[in-house]
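Asks:
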Amino acid sequence: MKILQINVGRSYAAQDLAYATAKQREADMLIVCEPNRTRVRDNKWIKDRRVDVAALFLTTGHCVSGHKAGDGHLIIHFEKFNLCCCYISPNISLDCCYISPNISLDNYKNEVDAVMDNADQHEAIVLGDINAKSPLSVMDNADQHEAIVLGDINAKSPLWGSPTTNVKGHYWTEWISALDITVLNRGTRPTFIRGTSHSHIDVTLATRQIAGKIRGWEVLDAESLTEHQYITEHQWFEIDGMSAGKLQSKTSVDWEAFKDTILIVAPGKDDTSHTRCTHLIQQALKNSTHTRTTTRGAPYWWDESIAETRRKCVEARRKFTRAARRKGDDNAEATVKKQEYRELKKSVGKQIAEAKKRSRSWATLCQELENDIWGGAYKIVAKKVGGLAPYELNVDKKRQYTAELFPPENDQWTDERVDEDVKLFTVTELKDAAATIKTGKAAGIDKIPPEAIKLVTDILPEWMLAVMKWMRPTKSTRVSDSLENC
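At position 409 of the sequence shown (counting the first as 1) the number is 409 in the UniProt record's numbering, and the numbers step up by one without a gap.
1. With respect to the alpha helix (DSSP H) encompassing Gln15, which residues constitute its N-terminal and C-terminal limits?
2. Drop a sphere of 10 angstroms on the beta-carbon of Phe406, count the other beta-carbons inside from all chains shown, and report buried for 16 or more, exposed for fewer.
3. So for Arg215, helix, strand or coil by DSSP?
4. Between the stretch 49-66 and the stretch 334-341, do at least 3 Cβ pairs fall closer than 8 angstroms?
5. Near Val467, what residues of its chain come up, given a Cβ to Cβ distance below 7 angstroms and the 5 sequence neighbours on each side ignored?
6. Can you check DSSP and say which residues form a bridge with Lys441?
7. What would DSSP say about Ile373, mapped onto helix, strand or coil?
8. Between the C-alpha atoms of Val40 and Ala54, what's the straight-line distance to the nearest angstrom?
9. Inspect the beta-carbon positions of Glu223 and Val314 and report whether they are closer than 8 angstroms.
10. Checking 8 angstroms against the spacing of the C-beta atoms, do Ala13 and Ala353 come in under that value?
11. When you compare the stretch 7-21 with the stretch 29-39, are there three or more beta-carbon pairs, one atom per stretch, that lie closer than 8 angstroms?
12. Helix or strand or just coil, what does DSSP make of Asp303?
13. Alpha carbon to alpha carbon, how far is His67 from His73?
14. Around the C-beta of Arg318, are 16 or more other C-beta atoms found within 10 angstroms, so that it is buried, or is it exposed?
15. How many angstroms separate the CA atom of Pro163 from the CA atom of Ile201?
16. In the DSSP assignment, what residue or residues form a beta bridge with Ser197?
17. Within a Cβ cutoff of 6 angstroms, which residues of the same chain sit near Pro449, ignoring the five residues on either side of it in sequence?
18. Rank Cys366, Lys469, Trp172 and Leu285 by C-alpha distance to the C-alpha of Lys423 and give the top, closest one.
19. Quick check on DSSP: helix, strand or coil for Phe425?
20. Return the bridge partner residues of Gly66 from the DSSP annotation.
21. Alpha carbons only, please: which of Ile210, Gln209 and Ser199 is nearest the one belonging to Gln229?
22. Val253 and Ser288 - do their beta-carbons sit closer together than 8 angstroms?
23. In three-state DSSP terms, what is Ser177?
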């Protein structure tokens, strides 16, 4: 599982860019602190009650059984653990991001207790903009379960890359030592950049057991349109029973290749069992089908011009930083570079807005729909009508619900005999029946689309007729025997 996390500061453009970055980085999940409330209104986003944190699944198959929203925190229940995403605002309780002398410690502890009280008796993972000064209150409620704490703690310590240590850093260091916690930060890149001021204030901590299951903690060198930087974690929780994210895919069948394959592998008239027929058609489909994933990549509105402007924005930021370091923030060269950087940041946001507006124009969508039914028009509709997060039940739950919905009524076949031989149908009748099959429908449980049945009937009518005759009941055959053969 791969997660991308960012604080977008309520910015519409920054959240759009975060979504595009998550798609391009092939992330399974996007976690946004201080999200734009308009962008997370639809039910695909899981949100807390204050809409201070939101999570979006980009792939399926993660065994999510439910979630619980609190004030400033969000608990997502996986099969083996809970993922706790939290953002405790600087205006509430003791500042976890920006420590303020005017904020009470009691209110802060109440916020953290609300998060940890919801942690189940599994592994608890705490993510988000936690603005924490008192981490002991977080971990005490976690009992002795595995935990990850990720957040903007606004503390300095060489343990996570800061050149100096402050009082808050000493406090965190004592906590880390007492609980034998591992710091996942590498300290090579700052996590917060404001002009020439760089800080390592977004810190990821984990108990040793679960720390060994996290790979590739990284601060991305990409423009985010906000002062916070993207943080990504690779292959998080390799826990038994948790499946990897499944990719949605599109398939296209080369029907000429399918036709040639069927003509080559089709057996003689003596081998007309339905099992053999199904197997041959499935193999021919497999050999002539091309599959490409659609979940990965980029949003429908993304284009190369936005990517190019974003690259220029990163380059401008580096030039401004170098100029400011050499001569200070107030020199003429740094001022010019800073203005160029600001203009490019604005340009990225404007290009995103224009691209979305252009992609959604009615004329463009209608024209694209004629050329590609799975293009932008389909993606917009799918996004609007999509359901909640991709919850996936475990095996026991599936069995329970199946037994309740489909209780067995009769395990035995009715013992009835056919009074007379069934009249055989002809090739003409078979072709007429095949002609009535509607195309463009989903394949059945045998994964054979209706187009394949129509094509095989057209090119090998005698063989298909023999298969159908093989399943017919005779006067000396019980109906149950014939059904069992089917």
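The beta-carbon is built from N, C-alpha and C at its ideal position, and this holds for glycine as well.
Values in this document were obtained by computation on a predicted structure and should not be read as measured data.
Replies: On the basis of the coordinates in this document:
1. Tyr12 to Gln24
2. exposed
3. strand
4. no
5. Thr272, His274 and Cys277
6. According to DSSP, which records beta bridges pairwise, Lys441 is partnered with nothing at all.
7. coil
8. 7 angstroms
9. yes
10. yes
11. yes
12. coil
13. 11 angstroms
14. exposed
15. 12 angstroms
16. Arg194
17. Ala443
18. Lys469
19. coil
20. His77
21. Ser199
22. yes
23. helix
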